[in-house]
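Just so you know, UniProt numbering puts 75 at position 75 of the sequence shown, and the rest follows in order with no gaps.
All residues carry an ideal CB built from backbone N, CA and C; glycine is no exception.
All values derive from a computational prediction rather than experimental measurement.
Okay, so here's the structure we're looking at.
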Amino acid sequence: MASTGVVGLFVCLLAVLSSGLVQAKLTRYDNYRVYKLSIERVEQLELLQLIEQFPDGYAFLSDPVHLNSTVKLVVPPHKLGEFEELNSKYSLKGEIAFPNLQTVIDGQLRGRREAFGWTAYHPLEDIYAWLDTLVEQYPDVVTPIVVGETYEGRQIRGVKVSYKEGNPAVFTEGTIHAREWISAATVTFVLNELLTSQDEAVRNAAENYDWYVVPVANPDGYVYTHTTTRLWRKTRSRQNVLCYGVDPNRNWDYKFNQGGTSTIPCSDTFSGPAPFSEIETRTLSAYIATIPNLSTYLDFHSSGQLLMVPYGHTREPLDNYYELMEIGTKAAAKLEQRHGSRYQFVLVCVALALIGATVAEKARYDNYRVYRVRIQTEQQLELLQAIEQYPDGYRFWSDPVKVGTEVQLVVPPHKRGHFSEMRAKVGLRAQLQIANLQDQIDLEARPSLRKETFGWTAYYRTDVIYAWLDSLVESYPGIVTPLNVGNSFEGRPIKGVKVSYKAGNKGVFLESLIHAREWVSGATVTWVLNELLTSSDPKVRYIAENYDWYVFPVTNPDGYEYTHTTDRQWRKTRSEVSILCRGADPNRNWGYNFMQGGASSVPCSDTFAGPSAFSEIETRQLSNFISSLDNLSTYLAFHSYTQLLLVPYGHTTARLDNYDETIAIGTKAINKLRERYGTTYRIGNIAEAIYVASGGSIDWVKGVHQIPLVYAYELRDLGQYGFVLPPEQIIPTAEETLDSIIVILEEGANYGYH
């Protein structure tokens with residue numbers, strides 16, 4: 001019965017995915033999918049290798065290394081939309097192996113028993129305790145051995161089974177890759193059979209060889225899979241402020257780093273800074289070198305159903321390859337007889353090639369948490385900046401740029417354990433802001449709030465906003481003129497309207513949704529536009545009729561549409577930057593002090609500035625239109641969130657141009673804004689109020705065209721809801737914002753700017 005169970009487990013992917021202890025609640029994989037992918041073309045291989053290099057939450061269960069192979073890929077919920085697009089574009093023939101990884105993991109909790117056995121997986125202490133009982137029960141046969149030690153101070157323990165002197169030795173090793181639990185279970189089952197089986201062939205093998213049995217060759221990693229992250233593979237040595245561990249099966253001193261490894265410390269296949277850099281491999285190799293008469297070495301991994309022989313660096317059949325092939329082929333044939341499990345006999349390097357009409361789904365953020373994190377030390381800043389560079393599923397809502405500031409950080413379920421460790425290690429003060437981000441996203445789009453007519457109790461998609469603009473042109477034919485500055489990368493128009501009651505007015509430009517996920521900015525601008533046309537308030541009527549208004553509610557239509565159809569947290573454009581990365585930050589792409597700080601050159605980054613200034617068709621066309629206007633006196637850009645009124649510039653804290661006047665006017669504006677609902681704003685130039693951020697629209701407008709009054713609003717709130725501000729707050733946000741706009745224009749006139 002036990003042998004049937006263990007052979008079944010040996011060939012099952014559950015070996016890689018099964019559960020940890022009940023208390024291991026920090027890291028979860030709810031709605032994480034596992035896909036089986038076929039690699040048939042070079043571009044598919046390149047794509048998957050790029051994902052492996054920059055995973056951002058993806059995780060490979062087998063490495064993408066060769067054509068004509070298959071791999072298994074874990075896709076987190078926030079990447080489902082992106083993955084379906086890639087799957088369709090590159091014809092990966094993605095087949096869902098497991099629709100919900102957590103249910104697979106949870107399934108392995110059933111069947112745990114107090115006694116050691118092979119109907120469940122056991123933590124390290126249970127395995128070691130069982131080894132101790134064998135020493136007690138078989139004192140003349142079983143000897144305890146310590147073959148090494150670990151980075152965290154654990155022993156690498158095993159036993160020697162010897163029935164008589166002079167036997168040739170067999171060394172068996174399991175779980176050098178921490179997540180491959182079936183390997184340890186198989187090794188312990190074999191060990192038990194060596195001591196208890198009455199089968200003649202088993203007795204012959206048991207008594208005519210000395211067995212050195214090490215069930216867990218990577219104890220630190222194995223413990224970590226039980227307590228924190230089930231899919232952990234490496235050791236637990238510290239490599240840098242963010243990355244831990246080395247692949248202990250890439251760290252041995254023979255043809256080190258000669259292929260199939262990574263030099264990136266956060267990679268699952270990171271081979272380490274040097275051969276035998278890991279104490280586990282150093283001490284284990286030293287012990288192996290002391291074993292006399294060693295004739296057989298058996299190393300157990302999962303999954304793939306392969307029987308492999310050296311070498312991994314070459315396809316050449318070296319040493320006694322042909323004898324090993326003959327023996328291994330017979331072994332694989334024998335293995336198949338019991339349960340029909342088919343194994344292939346191959347070289348290690350060949351094995352790497354063997355393991356292994358779509359509608360885009362929406363990314364989901366179930367159980368993704370949002371924390372407000374206070375940066376108090378340089379060490380904390382260094383850690384958060386490292387996470388920003390290698391996010392692996394984390395996402396910042398505000399950039400970690402200096403000590404003494406706060407950031408909002410989205411923590412995916414599979415990173416809860418890691419985040420908890422990081423908090424403890426560097427003393428991060430982290431306050432939970434949103435316990436389940438998906439709940440808040442769902443509230444944004446409650447069906448009960450959506451009406452047939454356009455309004456401000458819900459957020460609307462691009463086509464609905466554009467249809468409303470068209471209706472204004474029809475309703476106010478002598479006042480509202482349609483504008484179209486051109487098309488986006490995906491061919492959508494960038495539409496706006498001009499509101500003008502008489503000739504000769506100075507112009508006011510309103511820009512919003514340049515960052516796609518900042519929905520309240522577009523809603524605020526459309527509300528202000530509606531008030532300019534319908535309000536009877538004398539002050540609103542005055543600014544409406546004595547200024548020409550150029551209003552563009554959606555300046556990044558591709559990105560905004562993507563937030564509705566696929567990923568609510570998308571920020572950038574949707575241009576094709578590389579095989580994997582899409583889009584540039586359109587508010588880092590303007591041609592004034594481009595890439596002078598606060599922007600990234602990494603294409604997958606949320607703040608990627610683009611390959612060059614105005615590389616994005618959206619910013620090129622918008623800037624060309626602005627340059628054609630000869631009457632602008634005011635430019636107002638709308639963003640969210642953090643309740644700030646910002647003035648140029650983002651590349652320097654120097655108080656340039658008419659800084660003092662714009663601050664004086666802006667201070668009066670935010671004081672007026674506070675009167676209605678008590679909402680408090682701060683004011684300053686971009687670099688001093690938040691952080692250095694070059695290449696923005698307001699810097700270009702000010703620096704190139706010297707428009708006198710240029711501001712950027714960061715609208716509500718202070719982080720309780722962040723980018724997913726409830727629709728109930730649209731109108732209050734817009735009302736108080738309009739109050740402040742009136743003051744900006746009134747005070748600007750007093751300074752002679754209009």
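Is DSSP giving residue 393 helix, strand or coil here? For this step, residue 393 is matched to residue 393 along the sequence shown. If DSSP states are grouped into helix, strand and coil, residue 393 belongs with coil.
Counting Cβ pairs closer than 8 Å, one from the segment 187-207 and one from the segment 327-334, do we hit at least three? The segment 187-207 vs the segment 327-334: no contact.
Which residues mark the beginning and the end of the alpha helix (DSSP H) in which residue 281 is found? Taking the first residue of the sequence shown as position 1, residue 281 is located at position 281. Its alpha helix (DSSP H) spans residues 279-288.
With C-beta atoms as the reference, is residue 626 less than 8 Å away from residue 489? Sequence index remark: in the sequence shown, residue 626 carries index 626 (1-based). Sequence index remark: in the sequence shown, residue 489 carries index 489 (1-based). Going by C-beta atoms, residue 626 is not nearer than 8 Å to residue 489.
Could you name the residues that DSSP lists as bridge partners for residue 155? Along the sequence shown, read from residue 1 onward, the residue named residue 155 stands at position 155. Answer by DSSP bridge pairing, in chain order: 149.
Please classify residue 431 as buried or exposed, where buried requires at least 16 other C-beta atoms within 10 Å of its C-beta. Taking the sequence shown and counting its residues from 1, the one referred to as residue 431 is at position 431. Exposed, because fewer than 16 other Cβ atoms sit within 10 Å of the Cβ of residue 431.
Residues bridged to residue 178 by DSSP? For this step, residue 178 is matched to residue 178 along the sequence shown. In the DSSP output, where bridge partners are listed per residue, residue 178 has none listed.
Euclidean distance between Cα positions of residue 529 and residue 427: Your numbering for residue 529 matches position 529 in the sequence shown. Your numbering for residue 427 matches position 427 in the sequence shown. Approximately 47 Å between the Cα atoms of the pair.
Top-ranked residue by Cα proximity to residue 362, from 563, 585, 146, 589: Translated into the one-based positions of the sequence shown, residue 362 becomes position 362. Residue 563 holds the alpha-carbon nearest to the alpha-carbon of residue 362 among 563, 585, 146, 589.
Measuring CB to CB, does residue 222 end up less than 8 Å from residue 175? Position 222 of the sequence shown, counted from the first residue, corresponds to residue 222. Position 175 of the sequence shown, counted from the first residue, corresponds to residue 175. With contacts defined by Cβ atoms closer than 8 Å, residue 222 and residue 175 form a contacting pair.
Measuring straight from C-alpha to C-alpha, what distance separates residue 359 and residue 83? Walking along the sequence shown from the start, residue 359 turns up at place 359. Walking along the sequence shown from the start, residue 83 turns up at place 83. Confidence at residue 359 is low in this model, with a pLDDT of 39, below 50, so the placement of that residue is unreliable and no value is reported for it.
Under the three-state DSSP convention, the category residue 502 falls into: Taking the first residue of the sequence shown as position 1, residue 502 is located at position 502. Of the three classes helix, strand and coil, the one that applies to residue 502 here is coil, per DSSP.
Apart from the five residues just before and just after residue 155, which ones in its own chain have a Cβ nearer than 7 Å to its Cβ? Working through the sequence shown from its first residue, we reach residue 155 at position 155. 146, 149, listed in sequence order.
Quick check on residue 656: does DSSP put it in helix, strand or coil? Position 656 of the sequence shown, counted from the start, is the residue given in the question as residue 656. Residue state for residue 656 is assigned as coil, using DSSP reduced to three classes.
Express the C-alpha separation of residue 421 and residue 236 in angstroms, rounding to a whole number. As a first step, residue 236 is located in the sequence shown; it is residue number 236 there, counting from the start. As a first step, residue 421 is located in the sequence shown; it is residue number 421 there, counting from the start. Spanning the two alpha carbons is a distance of roughly 12 Å.
My assumption, with CB atoms under 8 Å, is that residue 209 sits in contact with residue 168. Please give the rounded CB distance. Taking the sequence shown and counting its residues from 1, the one referred to as residue 209 is at position 209. Taking the sequence shown and counting its residues from 1, the one referred to as residue 168 is at position 168. 6 Å between Cβ atoms; contact.
CB-CB length for residue 636 against residue 681, believed under 8 Å: Your numbering for residue 636 matches position 636 in the sequence shown. Your numbering for residue 681 matches position 681 in the sequence shown. In fact, because the Cβ distance is near 14 Å, the residues do not count as touching under 8 Å.
Ignore the nearest five residues each way along the sequence and tell me which others in residue 754's own chain have a CB closer than 6 Å to its CB. Your numbering for residue 754 matches position 754 in the sequence shown. The beta carbon of residue 754 sits closer than 6 Å to those of 506, 633, 748, all from its chain and outside the five residues before and after it, given in chain order.
Helix, strand or coil: how does DSSP classify residue 423 here? For this step, residue 423 is matched to residue 423 along the sequence shown. Collapsing the DSSP output to three states places residue 423 in a helix.
Check residue 720 in the structure and name its three-state DSSP category. Counted from its first residue, the sequence shown places residue 720 at position 720. Residue 720 falls in the coil class under three-state DSSP.
For residue 646, report the span of its beta strand (DSSP E) as first-last. For the purposes of this step, residue 646 is identified with residue 646 of the sequence shown, where counting begins at 1. Counting along the chain, the beta strand (DSSP E) containing residue 646 begins and ends at 644-647.
DSSP-derived helix/strand/coil call for residue 308: For this step, residue 308 is matched to residue 308 along the sequence shown. The three-state reading of DSSP puts residue 308 in strand, counting E and B together.
Using three-state DSSP, classify residue 543 as helix, strand or coil. What you label residue 543 is simply residue 543 of the sequence shown in a count that begins at 1. Residue 543 falls in the helix class under three-state DSSP.
Is the beta carbon of residue 723 closer than 8 Å to that of residue 640? Numbered from its first residue, the sequence shown carries residue 640 at position 640. Numbered from its first residue, the sequence shown carries residue 723 at position 723. Yes. Within cutoff.
Buried or exposed: which applies to residue 172, given that a residue is buried once 16 or more other Cβ atoms fall within 10 Å of its Cβ? Position 172 of the sequence shown, counting from 1, holds the residue named residue 172. The residue in question, residue 172, is buried, as its Cβ has 16 or more Cβ neighbours within 10 Å.
What are the uninterrupted segments assigned as beta strand (DSSP E) that are 3 or more residues long and contained completely in the segment 364-420, given in chain order? Taking only runs of at least 3 residues, the beta strand (DSSP E) segments lying wholly in the segment 364-420 are 369-374, 406-411.
Rounded straight-line distance, which links the Cα of residue 216 to that of residue 292: The residue labelled residue 292 in the question sits at position 292 within the sequence shown. The residue labelled residue 216 in the question sits at position 216 within the sequence shown. When rounded, the distance between both Cα atoms is 22 Å.
Answer yes or no: do residue 569 and residue 517 have a C-beta to C-beta separation smaller than 8 Å? Taking the first residue of the sequence shown as position 1, residue 569 is located at position 569. Taking the first residue of the sequence shown as position 1, residue 517 is located at position 517. Yes, these two residues count as a Cβ contact at 8 Å.
What residue does the alpha helix (DSSP H) around residue 682 start on, and which one ends it? If you number the sequence shown from 1, residue 682 lands on position 682. Premise fails: residue 682 lies in the beta strand (DSSP E), 682-685, not in any alpha helix (DSSP H).
Of the listed residues 410, 484, 404, 502, nearest to residue 495 (C-alpha basis): Your numbering for residue 495 matches position 495 in the sequence shown. Checked all of 410, 484, 404, 502; the closest Cα to residue 495 is 484.
If you run the structure through DSSP and keep just helix, strand and coil, what is residue 483? Here residue 483 is taken as the residue at index 483 of the sequence shown, counted from 1. Residue 483: strand per DSSP, three-state reduction.
Measure the Cβ-Cβ separation of residue 695 and residue 556 and say whether it is below 8 Å. What you label residue 695 is simply residue 695 of the sequence shown in a count that begins at 1. What you label residue 556 is simply residue 556 of the sequence shown in a count that begins at 1. Taking the C-beta atoms as reference points, residue 556 is found no nearer than 8 Å to residue 695.
Compare the Cα-Cα distances from residue 565 to each of 75, 76, 85 and report the closest residue. In the sequence shown, residue 565 corresponds to position 565, counting from 1. The residue among 75, 76, 85 with its C-alpha nearest the C-alpha of residue 565 is 85.
Residues that DSSP places opposite residue 507 in a beta bridge: The residue given as residue 507 occupies position 507 in the sequence shown. In the DSSP output, where bridge partners are listed per residue, residue 507 has 548, 632.
When the Cβ atoms of the segment 589-603 are set against those of the segment 684-699, are three or more pairs found closer than 8 Å? Yes: at least three Cβ pairs fall under 8 Å.
Residue span of the alpha helix (DSSP H) that contains residue 464, given as start and end: Taking the first residue of the sequence shown as 1, we reach residue 464 at position 464. 462-475 is the extent of the alpha helix (DSSP H) around residue 464.
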